[in-house]
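Have a look at the structure below before the remarks.
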Amino acid sequence: AQSVTQLDSQVPVFEEAPVELRCNYSSSVSVYLFWYVQYPNQGLQLLLKYLSGSTLVKGINGFEAEFNKSQTSFHLRKPSVHISDTAEYFCAVKDGGTSYGKLTFGQGTILTVHP
Amino acid sequence: DGGITQSPKYLFRKEGQNVTLSCEQNLNHDAMYWYRQDPGQGLRLIYYSQIVNDFQKGDIAEGYSVSREKKESFPLTVTSAQKNPTAFYLCASSIAASGSGPYNEQFFGPGTRLTVL
């Protein structure tokens, strides 16, 4: 079964600084990878996804992530954060292929952007 | 606008009572899911349904029940057998539960926060 580890439970950063949120998953032949964002007391919104093709994936709100198969990682980055990026971020992984596979979530990383 | 609605947003229940959480989608998705979210634990899958009149247990199904009588609806009942029901519950849907990548993207509702008094 897949497992997902988000290496930092909390990341504080100043406004306009760069940020990286780290995500590692257990090895598999092929995977689909997702980053979601959750604002307080709301549902999850998809930031970006890797399904196939280019390993550098760009998403909404200026975020991007790089799929690294050899390191089984899918770290999320933003070159300059805003106060409005304060939220909780979840990495999720699903085994590739066409059969049913569960979407496994990491424990979440709380990003706090300070003025 | 297409999307997923969950109601109510906040729900309070006395111990020993069953309660049903509503989830409706108008995305014409075949697959629907229920997750439970607790602080620091991410999302855990309770039940999922790949098609109408069919559903399977997820990782933490004990104390919960579901039905899928209509494509657009997937209500979750939290029974009195659930020992620690206070949590944030999220419903999601996807085009399908299997198939190639794009079919697997899950869309989430706004959630229901259940508190047991």
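From first to last, the protein sequence lines are chains A and B. Reminder that position 98 of the first sequence reads as 98 in our numbering, one-by-one numbering, no gaps. Heads up, our numbering is the position in the second sequence plus 1000, with the first residue counted as 1. Just so it is clear, CB atoms sit at the ideal spot from N, CA and C, and this is done for glycine as well. As the structure is a computational prediction, the values presented were derived from the model and not from experiment.
Alpha carbon of residue i to alpha carbon of residue j, nearest angstrom
i: Thr-1115 of chain B; j: Ser-54 of chain A; result: 44 Å
i: Phe-1088 of chain B; j: Ser-80 of chain A; result: 31 Å
i: Ala-1061 of chain B; j: Tyr-1048 of chain B; result: 10 Å
i: Leu-56 of chain A; j: Pro-1039 of chain B; result: 30 Å
i: Thr-86 of chain A; j: Gly-1042 of chain B; result: 17 Å
i: Leu-76 of chain A; j: Leu-21 of chain A; result: 5 Å
i: Phe-34 of chain A; j: Val-93 of chain A; result: 6 Å
i: Lys-58 of chain A; j: Ala-65 of chain A; result: 7 Å
i: Leu-44 of chain A; j: Pro-1110 of chain B; result: 8 Å
i: Thr-112 of chain A; j: Lys-78 of chain A; result: 13 Å
i: Val-31 of chain A; j: Gln-71 of chain A; result: 13 Å
i: Glu-1015 of chain B; j: Tyr-1035 of chain B; result: 21 Å
i: Ser-26 of chain A; j: Ser-1093 of chain B; result: 25 Å
i: His-82 of chain A; j: Tyr-39 of chain A; result: 14 Å
i: Asn-41 of chain A; j: Leu-1027 of chain B; result: 23 Å
i: Arg-1044 of chain B; j: Lys-102 of chain A; result: 10 Å
i: Leu-46 of chain A; j: His-114 of chain A; result: 24 Å
i: Leu-7 of chain A; j: Gly-62 of chain A; result: 22 Å
i: Lys-1071 of chain B; j: Tyr-1064 of chain B; result: 20 Å
i: Tyr-1103 of chain B; j: Tyr-100 of chain A; result: 11 Å
i: Tyr-50 of chain A; j: Ala-1097 of chain B; result: 17 Å
i: Val-1019 of chain B; j: Asp-1030 of chain B; result: 25 Å
i: Lys-69 of chain A; j: Thr-1079 of chain B; result: 42 Å
i: Val-1052 of chain B; j: Pro-18 of chain A; result: 45 Å
i: Ile-1046 of chain B; j: Lys-1057 of chain B; result: 6 Å
Residues sharing a beta bridge with residue i, DSSP
i: Asn-68 of chain A; result: A:Ser-73
i: Thr-1077 of chain B; result: B:Thr-1020 and B:Ser-1065
i: Tyr-32 of chain A; result: A:Lys-94
i: Pro-12 of chain A; result: A:Thr-112
i: Val-81 of chain A; result: DSSP lists no partner for Val-81 of chain A.
i: Ala-1092 of chain B; result: B:Tyr-1033 and B:Phe-1108
i: Thr-1086 of chain B; result: DSSP, once it has assigned bridges, lists no residue as partnering Thr-1086 of chain B.
i: Leu-1045 of chain B; result: B:Tyr-1035
i: Thr-5 of chain A; result: A:Asn-24
i: Val-1116 of chain B; result: B:Arg-1013
beta-carbon residue i near the ligand ADP non-hydrogen atom, thresh 6 Å
i: Lys-1071 of chain B; result: As far as ligands go, the structure on display features none, and thus does not contain the ligand ADP.
Within chain A, partners of residue i - CB distance below 7 Å
i: Pro-1097 of chain B; result: Per the sequence presented here, residue 1097 of chain B reads as Ala, with Pro not at that position. The answer, in chain order, is Tyr-100.
i: Glu-1105 of chain B; result: Leu-46 and Lys-49
i: Pro-1102 of chain B; result: Leu-51
CB contact below 7 Å: residue i versus chain B
i: Lys-78 of chain A; result: no
i: Tyr-32 of chain A; result: yes
i: Lys-94 of chain A; result: yes
8 Å Cβ cut-off: residues of chain B touching residue i
i: Gly-106 of chain A; result: Gly-1042
i: Phe-90 of chain A; result: Gly-1042 and Leu-1043
i: Leu-21 of chain A; result: Near Leu-21 of chain A there are no residues of chain B at all, since even the closest Cβ is about 14 Å away, more than 8 Å.
Chain-ordered neighbours of residue i on chain A, where CB pairs are closer than 8 Å
i: Phe-1108 of chain B; result: Tyr-36, Gly-43, Leu-44 and Gln-45
Residue-level contact to chain A via CB, residue i, 7 Å cutoff
i: Leu-1090 of chain B; result: yes
i: Gly-1111 of chain B; result: yes
Neighbouring residues, chain B, relative to residue i (Cβ below 9 Å)
i: Ser-70 of chain A; result: The premise fails here: Ser-70 of chain A is roughly 21 Å from chain B at the closest Cβ pair, so nothing lies under 9 Å.
i: Ser-9 of chain A; result: Gly-1040
Chain-ordered neighbours of residue i on chain A, where CB pairs are closer than 9 Å
i: Gln-1050 of chain B; result: Tyr-100
Quiz prompt | Every unbroken beta strand (DSSP E) inside the stretch 1003–1034 of chain B [3 residues or more] | solution = 1004–1007, 1010–1013 and 1019–1025
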